[in-house]
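One structure is given below, encoded as structure tokens.
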Amino acid sequence: MEKIIQGKAYVLGKNIDTDQIIPAEHLVYSLSNPEEVKLYGKYALSGVPPEQAGLPEGNVPFIDEGRFDSDYTIIIAGQNFGCGSSREHAPFALKVAGIKAIIAESYARIFYRNSVDGGFVIPYETSEHLNQIINTGDELRIDVALNTIENLTRKVTYTLNPLGDVFSIVEAGGIFAYARQENLMAQS
Amino acid sequence: MAQTITQKILAKAAKRPFVSPGESVWLNVDILLTHDVCGPPTFDIFKEEFGATAKVWDPKKIVVLPDHYIFTANEHAHRNIDLLRQFAKEQGLEHYYDVGGDRYKGVCHVALAEEGFNLPGTVLFGTDSHTCTSGAFGMFGTGIGNTDAAFILGTGKLWEKVPESMKFTFDGQMPDYLTAKDLILQILGDITTDGATYRAMEFDGEAIFSLPMEERMTLTNMAIEAGGMNGIIAADEVTERYVKARTEKPYELFQSDADAKYHSKYRYDVTKLEPVVAQPHSPDNRATVRSVQGTKITKSYIGSCTGGKLTDFIMAAKILKGQKVSVTTNIVPATVKVALDLEHERYDGQTLKQIFEDAGCSIALPSCAACLGGPADTVGRSVDNDVVVSTTNRNFPGRMGSKHAGVYLASPLTAAASAITGKLTDPRDFL
Chain A
5 MEKIIQGKAY
15 VLGKNIDTDQ
25 IIPAEHLVYS
35 LSNPEEVKLY
45 GKYALSGVPP
55 EQAGLPEGNV
65 PFIDEGRFDS
75 DYTIIIAGQN
85 FGCGSSREHA
95 PFALKVAGIK
105 AIIAESYARI
115 FYRNSVDGGF
125 VIPYETSEHL
135 NQIINTGDEL
145 RIDVALNTIE
155 NLTRKVTYTL
165 NPLGDVFSIV
175 EAGGIFAYAR
185 QENLMAQS
Chain B
0 MAQTITQKIL
10 AKAAKRPFVS
20 PGESVWLNVD
30 ILLTHDVCGP
40 PTFDIFKEEF
50 GATAKVWDPK
60 KIVVLPDHYI
70 FTANEHAHRN
80 IDLLRQFAKE
90 QGLEHYYDVG
100 GDRYKGVCHV
110 ALAEEGFNLP
120 GTVLFGTDSH
130 TCTSGAFGMF
140 GTGIGNTDAA
150 FILGTGKLWE
160 KVPESMKFTF
170 DGQMPDYLTA
180 KDLILQILGD
190 ITTDGATYRA
200 MEFDGEAIFS
210 LPMEERMTLT
220 NMAIEAGGMN
230 GIIAADEVTE
240 RYVKARTEKP
250 YELFQSDADA
260 KYHSKYRYDV
270 TKLEPVVAQP
280 HSPDNRATVR
290 SVQGTKITKS
300 YIGSCTGGKL
310 TDFIMAAKIL
320 KGQKVSVTTN
330 IVPATVKVAL
340 DLEHERYDGQ
350 TLKQIFEDAG
360 CSIALPSCAA
370 CLGGPADTVG
380 RSVDNDVVVS
390 TTNRNFPGRM
400 GSKHAGVYLA
410 SPLTAAASAI
420 TGKLTDPRDF
430 L
């Protein structure tokens, strides 16, 4: 796992549900065929209403027209990120688009599990309302060992909540890697 | 040590006498449910992790019910059904309900109940967030993603954090204008869309135990809309009668101990509650129907795992009998069984199907259909600035298709009354 995650912030509001992360009409594509996988990147966050996409101003496209990945690396959001359906396509789509970590005030359970167990993105929690003090486009740097996030654009550092129990699964890269490491399933 | 019903069921599945909220335990899974959207990627992960020729842990414990994108010309959707069929054949899955023949059932959560897979005291995981529906049978049911489901396919086990429980007690006798949908929307307005995150929602009280199974399922179905891990109602004689009519499989009854610890307790008197809606764009954006009465709508939609069961259509028929709808009204039975029941079940001398047809509704084939938008040719899908009153479960932006549409979640009574007037209408105006 990467020790330092650095890149641009994409800022969203609260209750970003899985239909906003990847609208249901796109769930038909294969998650293993490389050509179709690219489409998950193309349509990631395409369900977010434009005025709420890329705060504080809004109307900032997450993916530029004609592209399959994003210029942004870290999502900053409010409470209850990933609520709604169980679709693992949601954290998958964000990963394909180039997102490595999300920092939200809280997560819906299934999205959180999927992010961790599938090893797609790191779902950090914070008790600060970072989506009100970080702007879309700010350059951020997460130090995984220190549990901190530094806003390089504004020269401010914030503390993230420790990942706790799930850190070992995140570190291993997902539930299968973890289970093998801990001898919870036969080696294959 | 006192335990809630959820703790007791998880303790049994973990082969332990007691489990505490907050601890992570490995559970033995009784049933794994999947469908056409999440089945194919789950099977891919299973093969990648366990090997191309690996066999599932127990083919009798896997239920595959395609239901999401069935009646569409979308080629990718068809391919997903082909992939389910192929995997079911390879693995000898007897509980695969193929599309296009008389095996097809329809919406998985309702079909699970109808086919006798919901057994009190058991543990169900499903690749669908509304797997919590089955909790109406005094069992543990929750949604998971593809990776977790693939892990279960290979091992029959999964870790879960034992949830704290929240208790919702409903006293009094249900008035005829009130439905389980109003009760759960009431709760959602009180605790919001993350008010039960990672917790169990336990429903109790005289009003709950007076409800038929299908109405109980509406309550537990929307536990996920509050972020709940599971919704649960202890099994009683109504549950046992329903289960025994459908299966001879054994089950075990559990009840919460009187002195079990709860995260919080809520108490309601149903005689004081009113019909409510969840306004756009969140299931917790509650308002009484009276307070938004007269809001113009462009569509009424009665369907889905939440509001497409026989009891939902009986309620809608009570309102629609002898009336005409003034906006497009989609009747989407959850399952083939429900669709057939519409032809036989009568209200006031007419079949439900006749009542709906006479009223000018259009009846669609059973599937998830427009509850979650779906491919562009999905029946009932919202377009442009549609304003929809719907018996479904979510109204986040774009959920039913168009990002610019507004969806009011409502009971089948309210959806039917509003279909007649073309405006949000309290069902008491027609009862």
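Protein sequence lines correspond, in order, to chains A and B. Start counting the first sequence at 5; every next residue gets the next number (the numbering used here). Start counting the second sequence at 0; every next residue gets the next number (the numbering used here). All residues carry an ideal CB built from backbone N, CA and C; glycine is no exception. Source: prediction; values computed, not measured.
With a threshold of 8 Å between beta-carbons, can residue 176 (chain A) be considered close to chain B, or not?
no
Where does residue 21 (chain A) sit, in a helix, a strand or coil, going by DSSP?
strand
Whose Cβ in chain B lies nearer than 8 Å to the Cβ of residue 33 (chain A)?
75
Confirm, please, whether the CB-CB distance from residue 123 (chain A) to residue 177 (chain A) is below 8 Å.
yes
Neighbour-count burial assignment, residue 59 (chain B), 16 or more Cβ in a 10 Å radius
exposed
For residue 456 (chain B), the first and last residue of its enclosing alpha helix (DSSP H)
Residue 456 (chain B) lies beyond the range of chain B shown here (0 to 430); nothing can be said about it.
Can you pull the chain A neighbours of residue 398 (chain B), defined as C-beta to C-beta under 7 Å?
23
Using C-beta distances below 7 Å, list every residue in its chain close to residue 262 (chain B), excluding the 5 sequence neighbours before and after it, in chain order.
163, 164, 165 and 198
Which of helix, strand or coil DSSP assigns to residue 138 (chain B):
coil
Consult DSSP for residue 89 (chain A) and reduce its assignment to one of helix, strand or coil.
coil
Measuring straight from C-alpha to C-alpha, what distance separates residue 79 (chain A) and residue 52 (chain B)?
39 Å
Proximity to residue 124 (chain B) [Cα-Cα], best of B:134, B:368, B:140 and B:311:
B:140
Using alpha carbons as the reference points, say which of A:184, A:159 and A:32 lies closest to residue 67 (chain B).
A:32
I need the DSSP call for residue 14 (chain B), collapsed to helix, strand or coil.
coil
Within the continuous beta strand (DSSP E) that includes residue 363 (chain B), where are the two ends?
First-last for residue 363 (chain B): undefined, no H or E at that position.
Closest to residue 345 (chain B) by CA distance: which of B:316, B:333, B:321 and B:359 is it?
B:316
Listing by chain order, which chain A residues have their CB less than 8 Å from the CB of residue 375 (chain B)?
29
Counting only Cβ pairs nearer than 7 Å, list the residues of chain A close to residue 407 (chain B).
In chain order: nothing, as chain A lies at least about 17 Å away.
Excluding sequence positions up to five away, which residues of its chain have a Cβ less than 7 Å from the Cβ of residue 428 (chain B)?
416
Could you pull out every residue in the same chain whose Cβ sits closer than 6 Å to the Cβ of residue 331 (chain B), ignoring the five residues on either side in sequence?
302, 307, 363 and 368
Residue 143 (chain A) (DSSP reduced to helix, strand or coil)
strand
Ignoring anything shorter than 3 residues or poking outside the segment 359-415 of chain B, list the beta strand (DSSP E) runs there in chain order.
386-389 and 405-408
So is residue 19 (chain B) buried or exposed if we call it buried at 16+ other beta carbons inside 10 Å?
exposed
Which partner residues does residue 345 (chain B) have in the DSSP bridge list?
B:350
Closer than 7 Å at the beta carbon, the chain B residues around residue 118 (chain A)
144 and 146
Could you tell me whether the Cβ of residue 151 (chain A) comes closer than 8 Å to any Cβ of chain B?
no
Are the C-beta atoms of residue 83 (chain A) and some chain B residue less than 8 Å apart?
yes
Can you have a look at residue 5 (chain A) and say buried or exposed, based on whether 16 or more other CB atoms are within 10 angstroms of its CB?
exposed
Between residue 153 (chain B) and chain A, is any beta-carbon pair separated by less than 8 Å?
yes
Around the Cβ of residue 266 (chain B), are there at least 16 other Cβ atoms within 10 angstroms (buried) or fewer (exposed)?
exposed
Cβ shell of residue 327 (chain B) (< 6 Å), same chain only, five flanking positions each side left out
298
What's the C-alpha gap between residue 151 (chain A) and residue 140 (chain A)?
21 Å
Which chain B residues sit within Cβ distance under 7 Å of residue 114 (chain A)?
128, 142, 143 and 144
Within its chain, find whatever has a CB closer than 8 Å to the CB of residue 191 (chain B); leave out the 5 residues flanking it on each side and keep chain order.
225 and 283
Residue 175 (chain B) to residue 181 (chain B) span [Cα, whole Å]:
12 Å
Starting from residue 49 (chain A), trace the beta strand (DSSP E) both ways and give me its first and last residue.
Residue 49 (chain A) -> no beta strand (DSSP E), and no H or E assigned at all.
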